[in-house]
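Peer 1:
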Amino acid sequence: DEPYPRIARKAFSCSAFLMYLGVNRRYPHLLHHGLAVPASLRATCDDIFRQHRIPDDPAFYVCNPNKTDPSLAPAGSENIYVLVPVPSQTPGYEIDWAVEGPRLETSMLERLEHFGLADLRKHIVTRRTFTPADFTADFSATRGEAFGLAHGIDQVGYFRPHNRHPRYGNLYFVGQSTHPGCGIPMVLISSRLVTERIAEEQAVPG
Numbered sequence: 004d005e006p007y008p009r010i011a012r013k014a015f016s017c018s019a020f021l022m023y024l025g026v027n028r029r030y031p032h033l034l035h036h037g038l039a040v041p042a043s044l045r046a047t048c049d050d051i052f053r054q055h056r057i058p059d060d061p062a063f064y065v066c067n068p069n070k071t072d073p074s075l076a077p078a079g080s081e082n083i084y085v086l087v088p089v090p091s092q093t094p095g096y097e098i099d100w101a102v103e104g105p106r107l108e109t110s111m112l113e114r115l116e117h118f119g120l121a122d123l124r125k126h127i128v129t130r131r132t133f134t135p136a137d138f139t140a141d142f143s144a145t146r147g148e149a150f151g152l153a154h155g156i157d158q159v160g161y162f163r164p165h166n167r168h169p170r171y172g173n174l175y176f177v178g179q180s181t182h183p184g185c186g187i188p189m190v191l192i193s194s195r196l197v198t199e200r201i202a203e204e205q206a207v208p209g
């Protein structure tokens with residue numbers, strides 16, 4: 004059983020399998036942002052959210068930031084970031100990422116070559132992967148989720164956990180599972196809102 008039943012009753016977002024690739028060639032056609040949508044997005048989402056398994060035909064996002072800022076990679080090289088939506092670690096459906104991570108990495112490298120990154124595997128000089136297990140280990144994500152609590156209708160707006168505890172007035176919350184939501188911009192806004200609220204409610208000088 005999970006240690007915090009009230010948290011366990013919440014709906015969590017999916018997770019992500021991340022790949023960071025440094026390659027010693029350029030892909031002129033690869034823009035800053037790229038998105039591959041599977042033939043059946045509905046089936047892919049069903050795999051993630053209902054079957055709690057790695058999709059057979061995953062969607063994926065490719066980011067090539069040095070297309071906008073060439074200083075981010077050496078001349079003639081590129082740094083490529085890949086995000087693949089995968090299930091979070093739902094109790095009873097946990098995925099062994101020590102086993103499945105390398106498998107997914109291999110299949111994704113093949114997909115990226117079909118995506119248009121010719122001979123990608125021959126040109127990788129450095130790489131790193133990041134799995135749902137890493138989200139738990141590095142960020143204490145309850146179920147290895149990448150985006151905090153899910154944004155269903157019952158967990159957005161007023162229904163999302165508030166940024167101050169209802170009983171303990173000096174206990175505040177900040178992050179993607181409270182107001183206003185997930186993503187770096189929203190978390191930065193969350194931290195600003197909490198800072199302002201603490202200063203106002205706790206009479207912090209200055």
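Numbering (this note's numbering) for the sequence shown: 4 to 209. Every residue gets a Cβ at the ideal spot worked out from N, C-alpha and C, and that includes glycine.
Between Thr-134, Phe-15, Ser-80 and Asn-69, which has its C-alpha nearest Ala-101's C-alpha?
Peer 2: Measuring from the Cα of Ala-101, the nearest candidate turns out to be Thr-134.
Peer 1: Assuming contact is defined by CB atoms lying nearer than 8 Å, are Ala-39 and Phe-118 in contact in what I supplied?
Peer 2: Yes. Within cutoff.
Peer 1: Alpha carbon to alpha carbon, how far is Glu-199 from Ser-80? Give it in angstroms, no decimals.
Peer 2: Roughly 44 Å separates the two Cα atoms.
Peer 1: With H, G and I counted as helix, E and B as strand and the rest as coil, what does DSSP make of Arg-12?
Peer 2: Correct three-state label for Arg-12: coil.
Peer 1: Let me know the secondary structure DSSP gives Arg-167 once reduced to three states.
Peer 2: Of the three classes helix, strand and coil, the one that applies to Arg-167 here is strand, per DSSP.
Peer 1: Tell me where the beta strand (DSSP E) around Ser-18 begins and ends.
Peer 2: Unbroken beta strand (DSSP E) run through Ser-18: 18-26.
Peer 1: With a threshold of 8 Å on Cβ separation, who are the neighbours of Ile-10 within its own chain once the five nearest residues in sequence on each side are excluded?
Peer 2: Cβ neighbours of Ile-10 beyond the five flanking positions: Thr-145.
Peer 1: From the DSSP output, which residues share a beta bridge with Ala-42?
Peer 2: Answer by DSSP bridge pairing: none, since Ala-42 is not bridged.
Peer 1: Going straight from the alpha carbon of Tyr-96 to that of His-32, what length do you get?
Peer 2: Rounded to whole angstroms, Tyr-96 to His-32 spans 39 Å at the Cα level.
Peer 1: Can we say the segment 56-63 touches the segment 23-32, given the rule of at least three CB pairs closer than 8 Å?
Peer 2: Touching, no.
Peer 1: Looking at the structure shown, is Gly-104 part of a helix, part of a strand, or coil, going by DSSP?
Peer 2: The answer is helix: DSSP assigns Gly-104 an H, G or I state.
Peer 1: Considering only DSSP beta bridges, list what Pro-88 is partnered with.
Peer 2: According to DSSP, Pro-88 bridges with Ala-19.
Peer 1: Could you check whether Val-65 and Phe-20 sit closer than 8 Å to each other, using their CB atoms as the reference points?
Peer 2: No, the pair does not count as a contact, with Cβ atoms beyond the cut-off.
Peer 1: From Leu-174 to Arg-131, what does the alpha carbon distance come to, in whole angstroms?
Peer 2: Near 37 Å, if we compare the C-alpha coordinates of Arg-131 and Leu-174.
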